[in-house]
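Under the UniProt record's numbering, the letters of the sequence shown match residues 1 to 607, in that order.
Cβ atoms here follow ideal geometry from the backbone N, Cα and C, with glycine treated the same way.
One structure below.
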Amino acid sequence: MKLGIRLNSGDISGFKCLISLSILYGIISVLVYSILHMNHIIPLDNDAPLDQFSEARAIEHIRILSEEIDGRQEGRPGLKQAAEYIKSQLEMLAKRAGSNIRIEIEETVVNGSFSMMFLHHSLSFAYRNHTNILMRISPANSEDTDASLLVNGHFDGPLGSPGAADCASCVASMLEVARLTIDSEWVPPRPIIFLFNGAEELFLLGSHGFMKTNKWHSTVGAFINLEASGTGSLDLVCQSGPGSWPSLVYAQSAIYPMAHSAAQDVFPVIPGDTDYRIFAEDNGNIPGLDIIFLLGGYFYHTSYDTVERLLPGSIQARGENLFSLIRAFTNSSMLKNAHERSLLPEDSNEIKDRAVFFDYLSWIMIFYSRREAIIFHSLPIVIFLLAPFYLRYPNIGVHFMFRTASDFFKAGHPCRRFFSQLVIPAIEHRCAFLEREGMLFHTIGVILAAIVPIIFAILRLLFSSYTMSWFAHPYLAFLMFVPCSLIGLLIPRTFWRHFPLSQDVSVLKIPEEVLSDEARFWGAFGLYAFITLVYLVAGLSGGFLTFLIMVFMIPAKICFCLLNKIFGHRSVKYCQNLPANNGLCVDFSTDPYILGVLWWVFCSVLD
């Protein structure tokens, strides 16, 4: 007796379609992996031209701060040695400066006290004798009150860690950018203040001391805060504001952009803070950017945070981005000191506008204002409400619509009455109910897509003692949780087939199988439209995530219709089971990238 599976030509065509889509998704995933791991960036050596940023020169600073200097924690001699090393490097740079710029270097000891809310608890601090090192580069004819740009990074490190990435990499990048500013003979139109603060790990004491005691604090018109909770990759803009101006400058000037406004919605739940809070929120209300290394978070605040684990190309990309941002900020007419900002009306868009922005594979930045977001993010709801018209008359073509419109506007033509009779039945109860039914099933699928991986993780603990092995190897997390999530997403669709539609659809004169597909598609579309609208009403900036899904759902729907005509409905039924038809993972190029970035943010929450 022979056992075998017989496949007809339609089944073979369907499998070919699935294999082609899998290969495409694999190629895009490899591209995304390459971009996130900096394979497209070539670090420059020590002998690079002096008018270019060199990662190798910055690495030398990191090596000294993390290896030759032992321990940069408060109370240890290494912290003082680090301050002396930074100051000596700045003094050497000052000797090379031309007569057209003015260099001022200060070592300040800060004292003070303040209170803050942290994790819903009120904390009070009193501090003394913390060291900050500052360098101010300004045009020779500048005034002390001129609006300036602040670039901040901390040179103290966490306990038990060499702190190569956190945050010797920040200090090294600033030193190399300061050198580049001087050696390139570029004269900044506005002053630049490099703040090397010595007490960030102790609840942001160094930056608070600068804002309360330094003579230049009231001149700061914008700031760039450099941080690291990982060992490399592209810097992610985790926070931007107040207002949309800082993110707009970043979008226009970053060479290797990596920014997602959704990170601003996630960051408040992270049990930690950066100096961004002191500058932009608690003391000063200064517009600025919080730029952070995220990849390799499993080395963060551990003894493994060493020079060897820095991802090659990361410092090079950070330095080139930073220098480009400095040039853009100092040339901007929006750079205003504290007094000039106080004259702006409180309801000014410069102060309150919260823009939406995200990058596409680090190649380009998409940026649009809050006002534009209201228009863009409201359109899906309008389309969803008009979907019953499509369900009622799916065979209406473009030619038919143009002909009807032409006839309608002819004076006295009976098509007016026909048009009114066409539109009103299109939004009748049956089609709208099918739409809601599809939304319910997709909502259940999304919930199961989250619950099933959690159940799998709990069951896995019963058979394995390696509870966090996926944290150090992110690919394991994708292998473990993504298939489980897909299973949860497809469960409602599987059960859908065994239940008839709740409404009598004979009046629609459409095959039930086709109508089920349409109900699932528009139900998914409606769910994401609703989520996007909720984001918008809540004043959050992460609505672009679901908005992007809907933007690509329409082309995906068109592609499936074309496949249906080419291969036949039976051939593409396997493809219709893919999450793309359910409205998830429809954009093969952006999904792996955006999901990867959000995974980094999630891992930083665990840190």
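If residue i and residue j are in contact, beta carbons under 8 Å, what's the gap, nearest whole angstrom?
i           : j      : result
GLY153      : LEU226 : 4 Å
ALA58       : SER173 : 6 Å
LEU149      : PHE329 : 5 Å
ARG102      : SER54  : Not really, about 25 Å apart at Cβ, beyond 8 Å.
PHE547      : THR532 : 5 Å
ALA317      : LEU386 : The Cβ separation is near 44 Å, so there is no contact.
SER324      : ILE255 : 5 Å
ALA147      : GLY221 : 4 Å
ILE192      : VAL151 : 7 Å
THR219      : THR145 : 6 Å
ILE64       : LYS87  : ILE64 to LYS87, Cβ: 14 Å. No contact.
residue 609 : PHE125 : In this structure the chain extends from 1 to 607, so residue 609 is not present and cannot be described.
PHE441      : GLY526 : Their Cβ separation, rounded to whole angstroms, is 11 Å, which puts PHE441 and GLY526 out of contact at 8 Å.
SER247      : PHE357 : 5 Å
SER184      : ASP51  : 4 Å
ASP305      : ALA164 : 5 Å
Grab me the residues of residue i's own chain with a C-beta within less than 7 Å of its C-beta, minus the 5 sequence neighbours each way, in chain order.
i      : result
LYS16  : none
ALA529 : PRO380, ILE381, PHE384 and MET550
GLU74  : ASP156, ALA199 and LEU202
LEU461 : THR467
SER369 : SER244, ASP353 and ALA355
PRO158 : ASP166, GLU201 and HIS301
THR274 : ASN225, GLU227 and ASP290
Going by beta carbon distance, what residues of the same chain come within less than 8 Å of residue i, once the five residues before and after it are set aside?
i      : result
ARG327 : TRP186, PRO188 and SER253
ILE374 : LEU536
GLY209 : THR108, VAL110, ASN111, GLY112, TYR127, HIS130, ASN132, ASN197 and ALA199
ILE278 : LEU204, SER207, HIS208, MET211 and GLY284
PRO492 : PHE441, HIS442, ILE444, GLY445 and LEU448
LYS80  : THR131
Assign residue i to one of three DSSP states: helix, strand, or coil.
i           : result
SER333      : coil
TYR360      : strand
HIS260      : strand
GLU201      : coil
TYR368      : strand
ILE224      : strand
SER342      : helix
VAL237      : strand
LEU459      : helix
MET550      : helix
LEU422      : Its pLDDT being 46, under 50, LEU422 is placed unreliably by the model, and nothing is read from it.
LEU195      : strand
MET439      : helix
GLY26       : helix
MET38       : coil
GLY232      : strand
residue 608 : Nothing about residue 608 can be reported from this structure: the residues present for the chain run from 1 to 607 only.
ASP47       : coil
Tell me which same chain residues have a C-beta within less than 6 Å of the C-beta of residue i, skipping the five on either side of it?
i      : result
LEU236 : MET258, ILE292 and LEU294
ARG520 : GLY438
LEU175 : HIS61 and GLN89
GLY309 : The sequence as given places Arg at residue 309; Gly does not occur at that position. Excluding residues within five positions, the ones whose Cβ falls inside 6 Å are THR231 and PHE299.
PHE194 : MET135, VAL151, MET174 and ALA178
HIS377 : THR532, LEU536, GLY543 and PHE547
GLY78  : ILE69, ASP70, GLY71 and ARG72
At a threshold of 8 Å, does residue i count as lining the ligand ADP (C-beta to nearest heavy atom)?
i     : result
ASP70 : In terms of ligand content, the structure shown is empty, and the ligand ADP therefore cannot be addressed.
Query raised in the report: Between the region 262-277 and the region 234-243, do three or more beta carbon pairs fall short of 8 Å?
Result: The region 262-277, when compared against the region 234-243, does touch it at the 8 Å Cβ threshold.
Query raised in the report: Quick one: complete alpha helix (DSSP H) runs, 4+ long, within the region 51-114?
Result: 55-63 and 77-95
Report task. Write down every uninterrupted run of the beta strand (DSSP E) in the region 121-176 whose length is 3 residues or greater and which is fully enclosed by it, in chain order. Result -> 121-139 and 148-154
Report task. Assess, as a yes-or-no matter, whether the region 39-52 is touched by the region 305-322 under the definition of 3 or more beta carbon pairs within less than 8 Å. Result -> yes
Query - Whole alpha helix (DSSP H) elements within the region 240-319, 4-residue minimum - result: 245-253 and 262-266
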